[in-house]
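Take a look at the structure below.
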Amino acid sequence: MSLTRQARAVPPLETLPRPIWARPESWGDEGSITAWHQHAWGQFSYAAEGILKVKTPEVEFVAPPHYGIWIPVGVRHQVVSDGAAKMRGLYVQAALLDLPSWQRPLVCEISPLCRELLIRFCQLPLDYDEDSAHGRLAQVLLDELQQQTLVELELPMPSDKRLSMVCQHLQDQPGCRWGIDQLGAAVGLSGRSVSRLFRLQTGMTFQQWRQRLRIIHALALLQQHHPVTDVALACGYDSISAFGEAFKAQLGRSPSQFFI
């Protein structure tokens with residue numbers, strides 16, 4: 001994982017040039033990171049290539065290729081990639097996305113139709129005519145975007161400093177074989193306390209959180225074309241079958257199918 005990500009500037013916009021505005025970007029192997037910031041509009045970040053992450057103070061959201069992350073108005077966040085990536089960003093006026101599910105940050109899978117609409121929209125002039133076919137394309141894209149399938153590719157972070165240390169250890173070493181009792185003892189907690197506090201502060205069981213972390217780490221390795229066997233072992237699974245079952249339960253397809 002890159003430790004020297006390139007700092008990336010946030011556009012100094014006070015208002016959007018258009019109600020829906022596109023911002024395509026590409027980053028090199030060193031990855032990139034923005035400063036913490038927030039917008040007076042919604043932001044949809046589509047991962048065209050590479051793994052894209054958006055962090056809020058409480059949760060980390062992850063989008064592999066052909067997935068996207070929605071951040072509503074006023075949510076403090078930073079956008080991160082740990083390696084080469086291509087993003088297609090959409091900035092959207094607050095009133096235009098009114099579905100209840102889109103009033104919070106989320107991750108969704110992008111259909112082939114929506115992907116092509118995104119690509120075409122990102123090719124338009126920044127000052128496109130809202131009353132032309134370009135304006136109608138923007139509206140069709142927005143309508144289609146709200147029909148995409150939501151997925152659970154986020155990691156809520158606990159506020160307890162001891163649990164944060166456990167989480168950081170597992171993020172640094174996703175293949176760690178320590179059980180909950182050993183991890184708790186390392187930060188002065190019993191396994192039972194880790195379990196209780198984790199559920200209270202994240203809404204997930206410790207095992208659910210750890211499983212999701214492993215799958216997210218696996219996505220990054222698969223994106224780099226590592227063999228599935230190596231990925232399974234690196235993520236702490238005892239067998240390819242156990243890894244495959246966990247992966248399919250999270251993402252609805254096998255690891256070998258994911259980046260086809």
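Residue 260, in UniProt numbering, is where the sequence shown stops; the numbers in between run on with no holes. Note that the Cβ used here is the ideal one computed from N, Cα and C, for glycine as well.
Around the Cβ of residue i, are there at least 16 other Cβ atoms within 10 angstroms (buried) or fewer (exposed)?
i: residue 267; result: Because the chain spans 1 through 260 in this model, residue 267 falls outside it and cannot be assessed.
i: threonine 202; result: buried
i: alanine 246; result: buried
i: lysine 161; result: exposed
i: aspartate 131; result: exposed
i: glycine 252; result: exposed
i: glutamine 148; result: buried
i: methionine 1; result: Low local confidence applies: a pLDDT of 45 at methionine 1 is under 50, so the model's placement there is unreliable, and no value is given.
i: serine 45; result: buried
From the DSSP output, in three-state form, read off residue i for me.
i: serine 2; result: Because the pLDDT at serine 2 is just 42, under 50, the model does not fix this residue reliably, and the point stays unresolved.
i: histidine 225; result: coil
i: glutamine 43; result: strand
i: arginine 23; result: strand
i: arginine 76; result: coil
i: threonine 34; result: strand
i: leucine 233; result: helix
i: arginine 18; result: coil
i: glycine 244; result: helix
If you check the beta carbons only, do residue i and residue j fall under 9 Å apart?
i: isoleucine 33; j: valine 80; result: yes
i: arginine 18; j: aspartate 127; result: yes
i: leucine 96; j: glycine 42; result: yes
i: glutamine 78; j: alanine 40; result: no
i: glutamate 109; j: histidine 169; result: no
i: valine 92; j: leucine 142; result: yes
i: glycine 236; j: glycine 175; result: yes
i: valine 166; j: valine 151; result: no
Less than 7 Å between C-beta atoms, sequence neighbours within five positions excluded: which residues of the same chain meet that for residue i?
i: alanine 138; result: Ile20, Phe121
i: arginine 104; result: Pro72
Short of 8 Å in beta carbon distance, which residues of its chain neighbour residue i, apart from the five on each side in sequence? Order them along the chain.
i: residue 309; result: Missing from the structure shown is residue 309; the chain here goes from 1 to 260 and no further.
i: phenylalanine 258; result: Pro64, Leu219, Leu222, Phe247, Leu251
i: threonine 229; result: Ile240
Grab me the residues of residue i's own chain with a C-beta within less than 6 Å of its C-beta, minus the 5 sequence neighbours each way, in chain order.
i: serine 159; result: Gln201
i: aspartate 181; result: Gly191
i: tryptophan 27; result: Ser81, Ala85
Please give me, in chain order, every unbroken run of the beta strand (DSSP E) with length at least 3 that falls completely inside the region 99-182.
106-109, 149-151, 154-156
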